[in-house]
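Residue numbers (this note's numbering): -8 to 414.
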């Protein structure tokens, strides 16, 4: 459903934007209102009607009583918002804001710097909320995202660890789970992916307040059909590199609306514990690396260091579109996997697993490492790995091959394509 709805929204956006571009209006604020109205119409088609959420525009109210910059649109829940008298705008408390949108008819230099600054303020409002709240928050999605990034689940108390780099990473991921999704939307502006990448890096250098870590930056920047995506684990993320750097931002020149839908639906799913439609295509998003980050400490000072990737147009064009496929395992590995799931995890010291592995001449540690490398499992303790997702799905194809996946929908699609090839 994501692919088909995204394609529909993109076609509708192009059609309606072309109509707006033909208008003879020259009044700047009115032009802005036209494009903001179109954006809200598109977003309303992506929001499930059964949820108690709605799109409004106005200001985000922080716990300190201060307002954000004026937003072009925000997705909100609950009934705590207050309408500004004699206007159609609202003031909504940060704890009930699910997403914030900044809309630009033309997205260039100063406009992008301005958009990033506005999103920074909303992010800091969320940070202040988290510091003031005393209620327990369920961080299951963040712990799973951390496991997919690091190859291990966070340890007890790691969220409050202000000495190691991993504590800062976990806090950043938790912040992203709870904060409003921040999306910048430009109808015109940077002509291609290369220009948007350079513009983004230039905007970071020109940010008036600097960049205090990845959490203050937008989740998605769309300009024409190109996009900059933050891979914060909700839901997009890739395993941390051998150099210890977190691949935080990437760019793409295809299907920005599909990214937008996944970001919003993931936020709604986490908030309401609801299931949303999943991928209906085996083609993975083509995300070219742009900005990686690592936590650095110097004495009592801790911060982030960013490393950017310079890719020219040819290199970006050559970035392949991968096809999703499950993890292939042997019969022996499949048996050990089933035993491990029955006992709650893959324990390298479990005697029953050791006996089965020895009888099958299977290297149990190597098998565990392969499952962790694929982020199907992650370590919870030395020698003990657990599944990252609650359920691991299996498939046996007619040719006698065994497969594992944490995504039932994609496994079904893949199996449908695989079987005809195998007759």
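From the three backbone atoms N, C-alpha and C, an ideal C-beta is built for every residue, glycine too.
Owing to the predicted nature of the structure, the values given are computational and were not obtained by experimental measurement.
Cβ pair residue 103, residue 194 closer than 7 Å: Numbered from its first residue, the chain shown carries residue 103 at position 112. Numbered from its first residue, the chain shown carries residue 194 at position 203. Yes, Cβ-Cβ distance for residue 103 and residue 194 is below 7 Å.
For residue 230, the three-state DSSP class (helix, strand or coil): In the chain shown, residue 230 corresponds to position 239, counting from 1. Note: residue 230 maps to coil in three-state DSSP.
Validate contact between the segment 204 to 217 and the segment 240 to 252 using beta carbons, cut 8 Å, 3 pairs: Cβ pair count under 8 Å is three or more, so yes.
With 16 other Cβ atoms within 10 Å as the buried cut-off, status of residue 255: By one-based count along the chain shown, residue 255 stands at place 264. Result: buried.
Residues that DSSP places opposite residue 396 in a beta bridge: As a position in the chain shown, residue 396 is number 405, starting the count at 1. Residue 396 pairs with 384.
Beta bridge counterpart(s) of residue 176 as assigned by DSSP: Position 185 of the chain shown, counted from the start, is the residue given in the question as residue 176. Its beta-bridge partners are 94 and 213.
CB contact flag (residue 136, residue 160, <7 Å): Against the chain shown, residue 136 aligns to sequence position 145. Against the chain shown, residue 160 aligns to sequence position 169. It is not a contact, given that the beta carbons lie outside the stated cut-off.
Local Cβ density within 10 Å of residue 414, reported as buried at 16 or more and exposed below that: The count along the chain shown starts at 1 and reaches residue 414 at position 423. Summary for residue 414: the model assigns pLDDT 48, below 50, so the residue's position carries little reliability; its value from the coordinates is reported in the next sentence. So residue 414 ends up on the exposed side.
Residue 287, enclosing beta strand (DSSP E) - first and last residue: Counted from its first residue, the chain shown places residue 287 at position 296. Counting along the chain, the beta strand (DSSP E) containing residue 287 begins and ends at 279 to 289.
Helix, strand or coil at residue 222 [DSSP, three-state]: Along the chain shown, one-based indexing puts residue 222 at 231. In the structure shown, residue 222 sits in coil (DSSP, three-state: anything other than H, G, I, E or B).
7 Å Cβ cutoff met for residue 369 and residue 375: The residue given as residue 369 occupies position 378 in the chain shown. The residue given as residue 375 occupies position 384 in the chain shown. Contact flag unset, no.
Through-space distance from residue 87 to residue 301, alpha-carbon basis: The count along the chain shown starts at 1 and reaches residue 301 at position 310. The count along the chain shown starts at 1 and reaches residue 87 at position 96. CA-to-CA, the gap between residue 301 and residue 87 works out to about 39 Å.
Burial state of residue 252 (16 or more Cβ within 10 Å): Position 261 of the chain shown, counting from 1, holds the residue named residue 252. Buried is the call here.
Alpha carbon of residue 309 to alpha carbon of residue 261, nearest angstrom: Residue 309 sits at position 318 when you count from the first residue of the chain shown. Residue 261 sits at position 270 when you count from the first residue of the chain shown. The straight-line gap from Cα to Cα measures roughly 35 Å.
CA nearest to the CA of residue 205, picked from 349, 294 and 407: As a working note, residue 205 is residue 214 in the chain shown. Nearest C-alpha to residue 205: 294.
Spatial distance of residue 116 from residue 85 (CA atoms): Start at 1 with the first residue of the chain shown, and residue 116 comes out as number 125. Start at 1 with the first residue of the chain shown, and residue 85 comes out as number 94. Approximately 7 Å between the Cα atoms of the pair.
Enclosing beta strand (DSSP E) for residue 67 [first to last residue]: In the chain shown, the residue the question calls residue 67 occupies position 76. Element bounds for residue 67: 62 to 68.
Three-state secondary structure (DSSP) of residue 152: Here residue 152 is taken as the residue at index 161 of the chain shown, counted from 1. Residue 152 falls in the coil class under three-state DSSP.
Alpha helix (DSSP H) segment containing residue 256, residue limits: As a working mapping, residue 256 is identified with position 265 in the chain shown. Run containing residue 256: 247 to 263, per the alpha helix (DSSP H) assignment.
Identity of the residues DSSP links to residue 78 by a beta bridge: Start at 1 with the first residue of the chain shown, and residue 78 comes out as number 87. Note: residue 78 sits in no beta bridge, so no partner.
Three-state secondary structure assigned by DSSP to residue 427: Given a span of -8 to 414 for the chain in the structure shown, any question on residue 427 remains unanswerable.
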